Amino acid sequence: MSSHRIAVIGGDGTGPEVVAEAVKVIEAAEARFGFTVDKTSYEIGGERYLSTGETLTDSDLEQLKEEDAILFGAVGHPDAKPGILEQEILLRLRRELSQYINLRPIKLYPGVRSPISDLKPEDVDMVIVRENSEGLYVGKGEFTDKGSQSEVAVQESVNTRHGVERCVRFAFELAETRPRKHLTLCGKTNVLTYAWDLWQRTFDEVGKEFPDVSTGYAHVDAACLWMVEDPSRFDVVVTDNMFGDIITDLGAAVQGGLGIASGANMNPSGVSMFEPIGGTAPGFEGTGKINPLASIGSAAMMLTALGETAAGQAVEDAVGAVAGTLPSLRAGEMGMSTSEVGDQVVARV
Ligand code: IPM
Ligand code: MN
327 MSSHRIAVIG GDGTGPEVVA EAVKVIEAAE ARFGFTVDKT SYEIGGERYL
377 STGETLTDSD LEQLKEEDAI LFGAVGHPDA KPGILEQEIL LRLRRELSQY
427 INLRPIKLYP GVRSPISDLK PEDVDMVIVR ENSEGLYVGK GEFTDKGSQS
477 EVAVQESVNT RHGVERCVRF AFELAETRPR KHLTLCGKTN VLTYAWDLWQ
527 RTFDEVGKEF PDVSTGYAHV DAACLWMVED PSRFDVVVTD NMFGDIITDL
577 GAAVQGGLGI ASGANMNPSG VSMFEPIGGT APGFEGTGKI NPLASIGSAA
627 MMLTALGETA AGQAVEDAVG AVAGTLPSLR AGEMGMSTSE VGDQVVARV
């Protein structure tokens, strides 16, 4: 029997509630498919920060590096200065664990209502591959004459050949495994002429290794239009960190909302971290109204990454099936509680 060790970081806000449902579903999958997942909870997040001043400690990191995967809820606390927990926990984990891919599937499940009323499930089935370690997220830049009328703030986007190439190659490899085998580069070559020149050249070169994958290009603004007007154009989409952050929230809306938007921060040869896109959902904490499907869907991605592909597929199918039965995927509008939604998925697994 195969066995795995995972870290569970519920974090803040509704994070712990949704992660608890994901753990419940993982346990059901263990029983059904015959493997074990040894789970260690880490008290990382806003509460610990406010009482000890610690965000992510060296010892947390050392321990996390020994795990097979991390199941993550969300971080962000109303009493902490905005950005601290996000920077020092989430972004630091992504960086320290070299999770250089952020994988975000966008799928409209049958029975789920998209805000774009004429979309059908066959129109929406894409995966966004977001570069997760570089670009505008490196924190490079400067102020000149801060606070004065002549102040200048510069925020730099750093794109390395190595970072771009590994991301683009991951996207091609993924596209090759999908029925449509189509990959779109989403950028801004007409204005951001340094960064996207490097991306385009790398994309074209790596593409030669994948003759079976057809390719396309979309400027990020046009991609936003098409994701709404005609998302069937897209299969796999590869883009940089900032554009990926933005278009994946748009994608989440198209597929019915953050309630079902799953994601994975991947280090293909190390420790990956599975995390819903939605964040802490302030105001819903402790109400039992938050939708756990995004977190459960992230757990499905984790099971697949751990090699439990049948279990991963079963959980994903169950998430899709349950989503289709809910009147809405939005928090407070599901017609049942967080744990009841979790129970529904468990019953199907
Ligand atoms: C996301 C989030 C994070 C990001 C924030 C919380 C730092 O929006 O995972 O998309 O910008 O990457
Ligand atoms: Mn985001």
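Under the working numbering, the sequence shown has 630 at position 304, and the numbering climbs by one with no breaks. Glycine included, each C-beta is placed from N, C-alpha and C at the ideal position. The structure presented is a predicted model; accordingly, all values stated were derived computationally and were not measured.
Query, Result
"Counterpart residues of Gln481 in DSSP-defined beta bridges", "Gly467"
"Where Glu477 falls, given that 16 or more other Cβ within 10 Å makes a residue buried", "exposed"
"Limits of the alpha helix (DSSP H) - the one that Tyr375 falls within", "372–378"
"Asp338 beta carbon near the ligand MN (any heavy atom closer than 7 angstroms)", "no"
"CA-to-CA distance, Ser459 to Glu373, given in whole angstroms", "27 angstroms"
"Delimiting residues of the alpha helix (DSSP H) encompassing Asn567", "567–580"
"Cβ distance (whole Å) where Val563 is taken to contact Thr510 below 8 angstroms", "5 angstroms"
"Whether Gly638 touches Asp566 by CB criterion (8 angstroms)", "no"
"When Ser588, Ser663, Ala636, Leu524 are compared against Phe359, the one with the closest alpha-carbon", "Ala636"
"Closer than 5 angstroms: residues whose CB approaches a heavy atom of the ligand IPM", "Glu412, Asp571"
"Sequence ranges, beta strand (DSSP E) only - wholly within the segment 572–660, length at least 3", "590–592, 598–600"
"Delimiting residues of the alpha helix (DSSP H) encompassing His488", "487–503"
"Pair within 8 angstroms by beta-carbon distance, Gly437 and Ser621", "no"
"Val517, buried or exposed, once every other Cβ within 10 Å from all chains shown has been counted against 16", "exposed"
"Asp575: CB within 7 angstroms of a non-hydrogen atom of the ligand MN", "yes"
"Pick from Ser443, Leu500, Glu347, Glu412 that is closest to Met592, judged by C-alpha positions", "Leu500"
"Residue range of the alpha helix (DSSP H) that includes Phe529", "521–533"
"Cβ-heavy atom distance, Asp556 to the ligand FMN, below 7 angstroms", "Among the ligands in the structure shown, the ligand FMN does not appear; only the ligand IPM and the ligand MN can be found there."
"Start-to-end residues for the beta strand (DSSP E) that takes in Gly437", "Here Gly437 belongs to no beta strand (DSSP E), and DSSP marks it neither H nor E."
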